[in-house]
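Protein sequences, first through last, are from chains L and D. At position 66 of the first sequence the residue is numbered 207 (this note's numbering), and the sequence of numbers has no breaks. At position 20 of the second sequence the residue is numbered 24 (this note's numbering), and the sequence of numbers has no breaks. Have a look at the structure below before the remarks.
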Amino acid sequence: MSSVDTGSSADAPATDVTEPVDELRAGLLASFEHELGDAVTGSFLRPGVDLWIRVDAGAWRTAADVARRKFGLTFFDFLSAVDWMPSPFGRYEDAEVDTPLAEKLNQPYELQTGAAGGETRFQMLARVADVRSRRVGVTLKSDVPDSMRIPSWVPVYAGAEWHERETWEMFGITFEGHPGLRHIYLPSDFEGHPLRKDFPLLARVVKPWPGIVDVEPMPGEEAGDEDAEAEGGDAG
Amino acid sequence: MTAVSDRQRLQYIAAQAADARVNVELETEGMTLNIGPQHPATHGTLRIVVRLDGEQVVSADPVMGYMHRGYEKLVEARTYPQVTTLINRIDWLSSFCNEVPFILAAEQLMEVEAPPRAQWIRTALFELGRIANIGLFLGELGLQLGALTAAFYAFRDREFVLNQIEAVTGGRFHPNFDRIGGLKDDLPKGWIDETKHVMQRIREFCDEMDDLLVGNEIFEARTRGIGVIPAEVGLSYGLSGANIRASGVDWDIRRDDPRLPLPYRDLDWKVWTHPDGDSFARYWVRLQEVREATRIVDQLLDGLPGGPIMAKVPRIIKVPEGEAYIATENPLGEMGYYVISKGDLGPFRVKIRTASFNNISVLPWVLRGVYVPDVITILGTLYFILGDIDR
């Protein structure tokens, strides 16, 4: 999963030869690769749509730095993280309210990551853009090592400060060089990291969701009918 | 970068001086003032802890979270059609605008495109949301600065816009009207003519605000040169929308993002910018933005294509595996959804990029060295909705 243009089980149609080559984003990708060298561990380009670049955790701040100072991506869009662990609670659809949480946790799982690939459970996700001349944005990713520490972006993009506080609070990722990692939304004595997949959505655990009926097949359709997608729906 | 006025330079010097004082005098001579959580300028419950040195702010620390509802976690347990109900509550003054980028992101992943008529009506409702939202701002800023009249006019005329939104969607504040592949319903009879009357009324309202506030000496004294944000600083904090256009950055997603399927590029309208970057510029840009929005709505209604309002989509919506980020130019600025799908009934992860969160993150920087009454001006003109910060 380390070569360029890996990635991704995303849905770019490989057969579409009429799609034009996206020179703008391809050029941006080439300049990132030139500047960062081996630190670019993966990338994915959907022509005319978007560009994803995955960099090594050690080069996380360097990537931001060259993006801002060399490539003119001066606009800080957002910074967050993804927990790629499949939720042990599924989508909270089962009504087994008596199953102890501990039984659901700590089960082995298979890691499936998205665009530009990934090797770790937690992945940084950030987006920067050039809004003045080329008007193009790029999504940067980075695998978070097991130490759960990654360099902070605050020295590069001042706006990253609050985003990193939120990411620290929600995922438990520590940002080295951040001026003050404090809780931003939650009470200061809150324990746990709510956006991790193994943090249960307690409201759904203590009481099954009554709206469960919405996701059952409609009358006349067979349960689990995967071909339902191909048919036209009741558009009216 | 734009030219720096004398006042800006003085303010910068004052900020530097305030910085210097923090180390030696703050502990003994400073004063801590709580602004909020309940304050008219906070549009919800934002609390700002400011440390003062006399009348001057030495440092400001916004405290959020009084309205954190955890939408990013909640949507992981919902199906795609259920998500719009939640995200309606993010920016509650223009709820329909919250739905559009999420629906567009889901449509991009599904490779579904809504029919033209749906896109045009979507855009019209989007712009009506903008008028309802920013129209209120235009009056409310007057309220925050002590001119009560303007606020009443704003509430009066916003009502007509909300009536039009209600006539189509059935909801004044939370329409929940956008669907993957199109819209829930078509327009009701007689709506187009009535909306055009309302647009005329809004243009008159804008002229009223122009007369009441923009020419007003007190208003100008309270806003000109207050809270100057240079373009480079604004960009590094991720300011968007009218806040960054008021700093001279000519950027509007409606015009500049060719990936959006909305018909903005077929219409004749203008993106206004202002070089000053101060509170007055932010007000002025928003005033022009409402005027342009009325023009956009008029043109949309004139050129409304016929045809269906719903594309063929399966009854049970499963979004194929993939990742998409779609942002639109919402009244408060750039709002986007980074949607990660694993081919399930609901999203695997949604990162909600709201405008106000980034817009407000510049507060500690911009409030340094200003005087206490200007804090209110700056809060007012940065213009945020608390639901848009806390999500």
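Ideal Cβ placement from N, Cα and C applies to all residues, glycine included.
The CB of ARG276 (chain L) comes closer than 8 Å to the CB of TRP255, ASP260, ASP261 in chain D, given here in chain order. A straight-line Cα-Cα distance of about 12 Å links VAL54 (chain D) and ILE380 (chain D). For the segment 364-393 of chain D, the residues whose beta carbon sits under 8 Å from a beta carbon of chain L are, in order, SER365, VAL366, TRP369. TYR268 (chain D) sits in a helix when the DSSP states are folded into three classes. Distances from the alpha-carbon of ILE291 (chain L) to those of L:THR254, L:GLY278, L:HIS319, L:ALA344 put L:HIS319 closest. No Cβ-Cβ contact shorter than 8 Å links GLY300 (chain L) with LYS282 (chain L). With fewer than 16 other Cβ atoms inside 10 Å of its own Cβ, PHE331 (chain L) counts as exposed. When DSSP states are grouped into helix, strand and coil, SER329 (chain L) belongs to the coil group. Assignment of GLU164 (chain L) by DSSP, reduced to helix, strand and coil, places it in the helix class. For the segment 75-100 of chain D, the beta-carbon criterion of a distance under 9 Å to any beta-carbon of chain L is satisfied by GLU76, LYS77, LEU78, GLU80, ALA81, ARG82, THR83, PRO85, GLN86. Nearest C-alpha to PHE340 (chain L) among D:ALA81, D:HIS47, D:LEU383: D:ALA81. Taking each of D:TYR341, D:ASN362, D:ARG207, D:LYS346 in turn and checking the Cα distance to VAL354 (chain D), the smallest one comes out for D:TYR341.
Relative to PRO229 (chain L), the option among L:GLU251, L:PRO286, L:ALA256 whose CA is nearest is L:GLU251. Taking 8 Å as the CB threshold, ARG345 (chain L) lines the interface with chain D.
Remark: C-beta atoms of ILE125 (chain D) and LEU191 (chain D) approach each other more closely than 8 Å. In the structure shown, the three-state DSSP call for LYS77 (chain D) is helix. Going by DSSP, MET114 (chain D) is part of the alpha helix (DSSP H) stretching over 99-114. For TRP193 (chain L), the beta-bridge partners assigned by DSSP are L:PHE185, L:THR280. Secondary structure note for THR332 (chain D): it is in no alpha helix (DSSP H), and the uninterrupted beta strand (DSSP E) holding it is 326-334.
Not a single C-beta of chain D is nearer than 8 Å to the C-beta of TRP201 (chain L).
Excluding its 5 nearest sequence neighbours in each direction, MET114 (chain D) has C-beta neighbours in its own chain below 6 Å: VAL323, listed in chain order. Between SER360 (chain D) and PHE388 (chain D), the gap from beta carbon to beta carbon is short of 8 Å.
Listed along chain L, the residues sitting closer than 8 Å to ILE344 (chain D) by beta-carbon distance are VAL223, GLY255. Residues of chain D whose Cβ lies closer than 7 Å to the Cβ of ILE325 (chain L) are, in chain order, MET68, GLY69. For the segment 325-344 of chain D, the residues whose beta carbon sits under 9 Å from a beta carbon of chain L are, in order, GLU325, GLY326, GLU327, ALA328, TYR329, ALA331, GLU338, GLY340, TYR342, ILE344. Contact between the segment 192-202 of chain L and the segment 210-217 of chain L is not established, with fewer than three Cβ pairs separated by less than 8 Å.
When secondary structure is reduced to three states using DSSP, VAL295 (chain L) falls in the coil class, being assigned neither helix nor strand.
The shortest C-alpha to C-alpha distance from VAL346 (chain L) to any of D:ALA297, D:LEU78, D:ASP302 is the one to D:LEU78. Nearest Cα to ARG11 (chain D) within the set D:ILE230, D:GLU131, D:VAL317: D:ILE230. Taking a cut-off of 8 Å for Cβ pairs, the segment 208-227 of chain D and the segment 277-286 of chain D touch, as three or more such pairs fall below it. By the rule that beta-carbons nearer than 8 Å mark a contact, ARG249 (chain D) does not touch chain L. When DSSP reads this structure, PRO377 (chain D) sits in no beta bridge, so it has no partner. Collapsing the DSSP output to three states places ASP218 (chain L) in a strand. Where PRO192 (chain D) is concerned, there is no enclosing beta strand (DSSP E), because DSSP gives it neither an H nor an E. Looking at the backbone, the Cα of ASP302 (chain D) and that of ASP57 (chain D) are separated by about 51 Å. In this structure, the CA atom of ILE320 (chain D) is about 14 Å from the CA atom of VAL87 (chain D).
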